[in-house]
Amino acid sequence: MLIYILFVNSDSSGDIIVMTQTPESLAVSPGDTATIRCKASANAYSNMALYQQKSGQAPKLLIYSASTRPSGIPDRFSGSGSGTDFTFTISRVEADDAGDYYCQQDQSCTVILEKLKRTRNVVH
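Last residue of the sequence shown: number 124 in full-length UniProt numbering, and the count goes up by one each step with no gaps.
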């Protein structure tokens with residue numbers, strides 16, 4: 001039995017924020033640029049994060065507060081946006097960038113059992 005986790009986001013008032021992430025699958029070549037777009041159903045302000053997950057590993061935080069990189073994350077990873085529309089970009093894609101990428105409203109979340117929406121990045 002396969003169980004997926006869906007992070008259902010809520011704002012400070014407890015309202016549910018539904019994330020729409022595109023594309024669902026993205027194939028790029030090394031050196032290219034990959035773009036992931038995330039749309040929130042309600043104002044997420046600048047509280048948006050991007051995670052990368054590789055098979056068998058825990059998710060890795062790449063961007064938080066829409067555009068801030070944690071220490072150690074290369075500047076090839078960038079983000080922008082506020083409110084309901086966010087864009088995350090991977091420049092000069094490397095083979096090691098292959099994995100699943102998740103947008104997450106990073107103020108609060110409730111976990112339920114459902115299918116997780118993601119962008120699968122395949123580097124050729």
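C-beta: ideal position from N, C-alpha, C; glycine also.
Going by DSSP, name the residue or residues bridged to residue i.
i: S82; result: D85
i: R37; result: T22, T87
As a quick exercise: from the options, pick the residue whose alpha carbon is nearest that of residue i.
i: S46; options: T33, I17, S67; result: S67
i: A95; options: M19, A34, T20; result: A34
By a C-beta neighbour count over all protein chains shown, 10 Å radius and 16 as the cutoff for buried, is residue i buried or exposed?
i: Q57; result: exposed
i: A40; result: buried
i: I3; result: Residue placement at I3 is flagged as unreliable, the pLDDT there being 35, under the threshold of 50; a coordinate-derived value is accordingly withheld.
i: D97; result: buried
i: G79; result: buried
Do you know offhand how far residue i's Cα is from residue j's?
i: I17; j: P30; result: 34 Å
i: G83; j: C38; result: 11 Å
i: A27; j: K54; result: 16 Å
i: M48; j: P74; result: 18 Å
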